[in-house]
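Top line first, the protein sequences correspond to chains B and L. Mapping of the first sequence onto the numbering used here: position 213 corresponds to residue 213, and the numbering continues sequentially without gaps. Convert by adding 1000 to the 1-based position in the second sequence; the result is the number in the numbering used here. Everything below concerns the one structure shown next.
2 protein chains.
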Amino acid sequence: MPVTEAPRSARQTAPRGGERGAETLFVASLEKGFRVLEAFRNVAGDLGLTEIAERTGLDKSAAQRFTNTLQKLGYLEKDPSSRRYRPAVRLLDFSYTYLHQDRLAETAMARLIEASKVYGTTVNLCELIDTDVIYTVRIPHEKASFPATVPGRRMPAYCTSGGTAIMAFRPAAEAAAIVDASDRVPMTDDTIVERRAVMARITEARELGFGIGVGQAMPNEISIAAPVLNARGEAIAAVQIPVYMPNWTPAEARQKIAPLAMETARSISGILPPEAARSA
Amino acid sequence: MPVTEAPRSARQTAPRGGERGAETLFVASLEKGFRVLEAFRNVAGDLGLTEIAERTGLDKSAAQRFTNTLQKLGYLEKDPSSRRYRPAVRLLDFSYTYLHQDRLAETAMARLIEASKVYGTTVNLCELIDTDVIYTVRIPHEKASFPATVPGRRMPAYCTSGGTAIMAFRPAAEAAAIVDASDRVPMTDDTIVERRAVMARITEARELGFGIGVGQAMPNEISIAAPVLNARGEAIAAVQIPVYMPNWTPAEARQKIAPLAMETARSISGILPPEAARSA
DNA sequence: TCGGCGGTATTATATTGTAATACTTCTTGT
DNA sequence: ACAAGAAGTATTACAATATAATACCGCCGA
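So, in structure tokens, the structure goes:
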């Protein structure tokens, strides 16, 4: 995402603010700083200054300034010999900042751990963000691919059981909007991307009470997820449990894993307030 | 830490830069934005604008601008009725940004999972940051206090087995410096804070090959940690395993948990490059 | 040895962030 | 129920700060 070409407003030295409401309350520098951090999200190795500039759409000077600031603040680390940058441990502070105050994660934690012991499986909690699900709490048991074990990992909602389960228990219009807004590039050979088919999976999840995907996000993976509901009956998260073929068959998973996911999700549900703030 | 009173350089309209090197390359606005985020780190509930201003040392206007920007970017959530702010899920993106590129976490993950199965215990990986250890990878098995299960959690290095284990395998001067720089307020009734005693525990860890703390950071907790070493034999992290009394006794833990922690740590050691960049 | 690429440092300029202030909306105590 | 005050929101004039152009330096490969 090249981000909107900074409009760089027209009139010279003209006191802005008359135009529209509070545009003055937005600190553009802050956004640029975060753009630099985001540039590292889906990157294998370190990044040089030039690469950072390319990926963020900032010019070399800006990349220099923000990169330098981020390093001084301890969020980026600089290899003195290669002069390249990489994310620093300090970024994990934000993980704590979010999670320690999250009532959902707090109440879920014990239940998820219990659930993971039943069949010795991984158990995850995920929430919806834009068109993705983001895994917030992970209780890993088998090592799947490494990135798949990392908290904060995002996956497209439309092709994951977690996303399907959550969308199934949201207003239909919202679910449709998410699917439409999704960039539906197949993750595996079997990923279902066609709109009608995706919507059908959501409907199915609503009827079953859980979502299931076989090889949808990752080959050989059977993923099952059940929605966590608030007091109004709207999904605010999902308990997701992946198992792997050939150790498990889809039939076994439906029979054993689905009830476990649903029971776990149910035990977490309803404790939360009606609906967390939807920011403007 | 109230952060250094923004010096706000003297001379009016004086072109700065002549003074010293690259002060121009530091974007102060970015730091302020992060200050706002940091204000939420050790906070129970939501924060109002005024509270944010107080905690960050920014004035009301600044708090307004940064808070607003952060909300627009999706890192803060605003409760429309109370008008108070809270951290948003999106913060977990940084967790992924850091971890997915961390070779240490990657190689450790499988070993930690295995280790957690041996006695059905929690197993953590932690790294040193300033005077703290920060837990980077957590494989939870029993629910201890919730915050203690959250990745990104920090604890003072001087009174944790992880910190002790790491400092034991660092240059002595560095260890001493960390202990001296630590704000040694007791975490439990039994926390050892006296300099000589703390240093003795570090020496002991060097001799034993592992660090151990009984009720040091939390009552009833026995914490054992073994250092992960790089090719030079310097500690870069620790494998930490907590068990709880009365299920476990210190003697049992030394006999069973310590070898497990050491073996796990050893299996991860040496894979990493000599020393990750020490930023200037 | 040279060429060029990537990173670093410097500085004039005006755009952008700033902070003072007025306005509005909630909260609280009587 | 009302008033007083606290907390949040909006507006604007000002200049300090971020900007970006450019020059410099050092490294790598040819």
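Note that beta-carbon positions come from the ideal geometry of N, C-alpha and C, so glycine has one too. Every value quoted in this text rests on a predicted model; they were computed, and no experiment measured them.
Worksheet item: Shortest alpha-carbon distance to Q216/B belongs to which of T164/B, A226/B, A176/B?
Response: Position 216 of the first sequence, counted from the first residue, corresponds to residue 216/B. The alpha carbon of Q216/B has as its nearest neighbour, out of T164/B, A226/B, A176/B, the alpha carbon of T164/B.
Fill in: DSSP three-state assignment for R1266/L, whether helix, strand or coil
For this step, residue 1266/L is matched to residue 266 along the second sequence. In this structure, DSSP gives R1266/L a helical state, which the three-state scheme calls helix.
Worksheet item: Quick one: is S161/B buried, meaning 16 or more other Cβ sit within 10 Å of its Cβ, or exposed?
Response: Position 161 of the first sequence, counted from the first residue, corresponds to residue 161/B. Its Cβ being crowded by 16 or more others within 10 Å, S161/B is buried.
Worksheet item: With distances taken between CB atoms, is the gap from A1108/L to I1268/L smaller than 9 Å?
Response: Here residue 1108/L corresponds to residue number 108 of the second sequence, with the count starting at 1. Here residue 1268/L corresponds to residue number 268 of the second sequence, with the count starting at 1. Yes, the Cβ-Cβ distance between A1108/L and I1268/L is below 9 Å.
Worksheet item: So, using beta-carbon positions, are G213/B and R201/B closer together than 9 Å?
Response: Counting from 1 along the first sequence, the entry for residue 213/B is found at position 213. Counting from 1 along the first sequence, the entry for residue 201/B is found at position 201. For the 9 Å CB-CB criterion, G213/B and R201/B form a contact.
Discussion item. Does any residue of chain L have a CB that is nearer than 9 Å to the CB of E263/B?
Written reply: Counted from its first residue, the first sequence places residue 263/B at position 263. The beta carbon of E263/B does not come within 9 Å of any beta carbon belonging to chain L, so the residue lies off that interface.
Worksheet item: Name the residues in the region 1119 to 1133 of chain L whose C-beta lies less than 9 Å from a C-beta of chain B; which are they?
Response: Residues G1120, E1127, L1128, I1129, D1130.
Worksheet item: For the beta strand (DSSP E) that I202/B lies in, which residues bound it at each end?
Response: Locating residue 202/B in the first sequence gives position 202, where the first residue counts as 1. Membership of I202/B in any beta strand (DSSP E) is not indicated; the residue belongs instead to the alpha helix (DSSP H) covering 195 to 208.
Worksheet item: What residues of chain B sit near Q1240/L, judged by a beta carbon separation below 7 Å?
Response: As a first step, residue 1240/L is located in the second sequence; it is residue number 240 there, counting from the start. Result: empty, since nearest Cβ-Cβ is about 15 Å, beyond 7 Å.
Worksheet item: DSSP puts R1138/L in a beta bridge; with which residues?
Response: In the second sequence, counting from the first residue as 1, residue 1138/L sits at position 138. According to DSSP, which records beta bridges pairwise, R1138/L is partnered with N1124/L.
Fill in: chain L contact residues for L37/B, given Cβ-Cβ distances below 9 Å
For the purposes of this step, residue 37/B is taken as the residue at position 37 of the first sequence. Against chain L, a Cβ distance below 9 Å from L37/B picks out D1093, F1094, T1097.
Discussion item. Going by DSSP, what residue range makes up the alpha helix (DSSP H) through Y1075/L?
Written reply: Along the second sequence, one-based indexing puts residue 1075/L at 75. Run containing Y1075/L: none; DSSP gives neither H nor E here.
Worksheet item: DSSP on G163/B, reduced to helix/strand/coil?
Response: Looking up residue 163/B in the first sequence gives position 163. DSSP, reduced to helix, strand and coil, places G163/B within a helical segment of the structure shown.
Discussion item. Please give me, in chain order, every unbroken run of the beta strand (DSSP E) with length at least 3 that falls completely inside the region 24 to 62 of chain B.
Written reply: The region 24 to 62 of chain B contains no whole beta strand (DSSP E) run of 3 or more residues.
Fill in: Cβ-Cβ separation, L1037/L to Y1098/L (assumed contact under 8 Å), whole Å
By one-based count along the second sequence, residue 1098/L stands at place 98. By one-based count along the second sequence, residue 1037/L stands at place 37. Their Cβ separation, rounded to whole angstroms, is 15 Å, which puts Y1098/L and L1037/L out of contact at 8 Å.
Worksheet entry | Status (buried if at least 16 other CB within 10 Å, exposed otherwise) for P1274/L | Here residue 1274/L refers to the residue found at position 274 when the second sequence is read from its first residue. Caution is warranted here: a pLDDT of 47 is assigned to P1274/L, below 50, making its placement in the model unreliable, and no coordinate value can be reported.
Item to complete: Could you pull out every residue in the same chain whose Cβ sits closer than 7 Å to the Cβ of M155/B, ignoring the five residues on either side in sequence?
Response: By one-based count along the first sequence, residue 155/B stands at place 155. Within the same chain, M155/B has close Cβ partners D132, V133, A217.
Worksheet entry | Backbone CA spacing between Q1240/L and T56/B [nearest angstrom] | On the second sequence, residue 1240/L is found 240 positions in, with the first residue counted as 1. On the first sequence, residue 56/B is found 56 positions in, with the first residue counted as 1. Distance between the alpha carbons of Q1240/L and T56/B is about 38 Å.
Practice prompt. Could you tell me which residues DSSP puts in a beta bridge with R1154/L?
Written response: On the second sequence, position 154 is the one that residue 1154/L refers to. Checking the DSSP bridge columns, you'll see R1154/L partnered with I1134/L.
Worksheet item: So G33/B and G1033/L are in contact, right, with Cβ under 8 Å, and what is the actual spacing, rounded?
Response: As a first step, residue 33/B must be located in the first sequence, where it is residue number 33. As a first step, residue 1033/L must be located in the second sequence, where it is residue number 33. Right, the Cβ-Cβ distance comes to about 7 Å (below 8 Å), so this counts as a contact.
Practice prompt. Just grab the DSSP bridge partners of V228/B for me.
Written response: Position 228 of the first sequence, counting from 1, holds the residue named residue 228/B. Beta-bridge pairing links V228/B to A237/B.
Discussion item. Residues of chain L with CB closer than 8 Å to the CB of I236/B, please, in chain order.
Written reply: Translated into the one-based positions of the first sequence, residue 236/B becomes position 236. By Cβ distance, chain L contributes nothing, its closest Cβ being about 11 Å from I236/B, past 8 Å.
Fill in: Distance, V1043/L Cα to A1235/L Cα
What you label residue 1235/L is simply residue 235 of the second sequence in a count that begins at 1. What you label residue 1043/L is simply residue 43 of the second sequence in a count that begins at 1. Per the coordinates, the alpha-carbon of A1235/L lies some 32 Å from the alpha-carbon of V1043/L.
Practice prompt. Leaving aside the five residues before and after A1205/L along the sequence, list all residues of the same chain whose C-beta is less than 7 Å from its C-beta, in chain order.
Written response: The residue labelled residue 1205/L in the question sits at position 205 within the second sequence. Answer for A1205/L: T1164, A1165, A1168, G1211, listed in chain order.
Fill in: G57/B: contacting residues in chain L (beta-carbon distance under 9 Å)
Position 57 of the first sequence, counted from the first residue, corresponds to residue 57/B. None at all; the shortest Cβ gap to chain L is about 16 Å.
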